[in-house]
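Asks:
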Amino acid sequence: MAIWGKHPWQKVPVYIVAQYLGAFFASALVYGVYLNALDGFEAERSLATAGIWATYPGAITARNGTVITDYLSSGNGLADQVVGTMLLLVCVCAITDTRNMEVPKGLVPLLVGLSVLNIGVCFGFNCGYAINPARDLAPRIFTLIAGWGSDTFSAATIEGVAWWWVPVVGPHIGAVLGVTIYEVFVGLHHPEAKDFTLPQVAPYPDSGTTKKHLAPRRKVTAAAHFPCRDKNTFTLALPIRPSGRSQLFPLLTAAHPAGFPAPASHCYLETL
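Residues in the sequence shown are numbered from 2 upward in steps of one, following the working numbering.
Listed below in structure tokens is the structure:
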């Protein structure tokens, strides 16, 4: 998202570190809660339980001392991760773009969660839909430390290539593709944003209105939808309250009789 200017670059390292640390400590918390259950299920740790934390390619068995998948190749696994993450980022961009659907902020986590659930249902069979490097690599490191051993990193695809890098590289590629697809087909087609200064309204004749009662000039980033072109009307600038959401505010236009005129039509500015 930072590539397309939708997220500041200076925050990228902070987000990466925070997500990896969060995933690692969350893995430790889950391990502590289910420690007795794990001990009761298996005395020696195996990938049967390691899959609770990290993803592994399909059905895996031991062959000649190497844990290997029965059918999934590195290329197929990489494509799986790219597609899953691409779909996730398209959904995230559509949900969070205030110029698109105006989703209430309280519903954003729910809709993103439903998107992840749908991707998991449709694309989770091959390798568990990591679709986030932090969600896979940090728990994998934890299981390596917690007793599952080197199998967590040596588990291989059908051609014998180590699997662990696939859910790390694939989501990065898919994320860039997802944001690019959304911007090319949706984001770039929004009305062009531009600076617009709301006009100062002159006092109405015989109305007793003075400048102190009028809305002050202010500069807003806006996209004009219905510009008023009638030179025989004047424009009354309504105050705009600060908001992070895209909203429409009318500029009332009317004929110019003496006294306070009744609105005749509306022009709209969309604050971005």
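We treat Cβ as the ideally placed atom computed from N, Cα and C, and that holds for glycine.
1. Please determine, among R100, K12, A163, the residue with the shortest C-alpha to C-alpha distance to H191.
2. Leaving aside the five residues before and after D152 along the sequence, list all residues of the same chain whose C-beta is less than 7 Å from its C-beta, in chain order.
3. Between A147 and Y32, how many whole angstroms is the CB-CB distance? I'm expecting something under 8 Å.
4. In whole angstroms, what is the alpha-carbon distance linking Q20 and Y72?
5. Identify the continuous alpha helix (DSSP H) that holds C94 and give its terminal residues.
6. Could you tell me which residues DSSP puts in a beta bridge with A3?
7. Is DSSP giving T70 helix, strand or coil here?
8. Kindly confirm or deny that the stretch 94–111 and the stretch 128–142 touch, where touching means at least three C-beta pairs closer than 8 Å.
9. Any contact of the stretch 7–26 with the stretch 113–124, i.e. 3+ C-beta pairs under 8 Å?
10. At 4 residues or longer, what runs of the alpha helix (DSSP H) sit wholly inside the stretch 91–135?
11. Checking 8 Å against the spacing of the C-beta atoms, do V91 and I174 come in under that value?
12. Tell me, to the nearest whole angstrom, how far the beta carbon of Y130 is from that of I142; I am working on the premise that it is less than 8 Å.
13. With a threshold of 16 other CB atoms inside 10 Å of the CB of F124, please say whether the residue is buried or exposed.
14. What three-state label does DSSP hand A38 in the structure shown?
15. Report, in whole angstroms, the separation of the C-beta atoms of A176 and W164, which I expect to be a contact under 8 Å.
16. Please classify A19: does DSSP put it in a helix, a strand, or coil?
17. So, helix, strand or coil for A157, using DSSP?
18. Answer yes or no: do C128 and P172 have a C-beta to C-beta separation smaller than 8 Å?
19. Given M87, which residues of its chain have a CB within under 6 Å of its CB, disregarding the five upstream and five downstream residues?
20. G179 lies in the alpha helix (DSSP H); which residues open and close that run?
21. From the DSSP output, which residues share a beta bridge with A163?
22. Rounding to the nearest angstrom, what Cα-Cα distance links G188 and R46 in this structure?
23. Is it right to say M2 is buried, meaning 16 or more other beta carbons lie within 10 angstroms of its own, or is it exposed?
24. DSSP three-state label for H191, please.
25. Using CA coordinates, which residue listed in G150, D98, M102 is at the minimum distance from W5?
26. Just to confirm the assignment, what range does the alpha helix (DSSP H) spanning A51 have?
27. What distance in whole Å lies between the Cβ atoms of P140 and A24, which are believed to be in contact at a cut-off of 8 Å?
Replies: From the atom records:
1. R100
2. L48, V68
3. 6 Å
4. 31 Å
5. 75–97
6. DSSP output for A3 lists no bridge partner at all.
7. strand
8. no
9. no
10. 109–124
11. no
12. Going by Cβ atoms, the distance from Y130 to I142 rounds to 19 Å, so no, they are not a contact pair.
13. buried
14. helix
15. About 20 Å; that fails the 8 Å criterion.
16. helix
17. strand
18. no
19. G175, L178, G179
20. 167–186
21. A157
22. 48 Å
23. buried
24. coil
25. D98
26. 48–51
27. 6 Å
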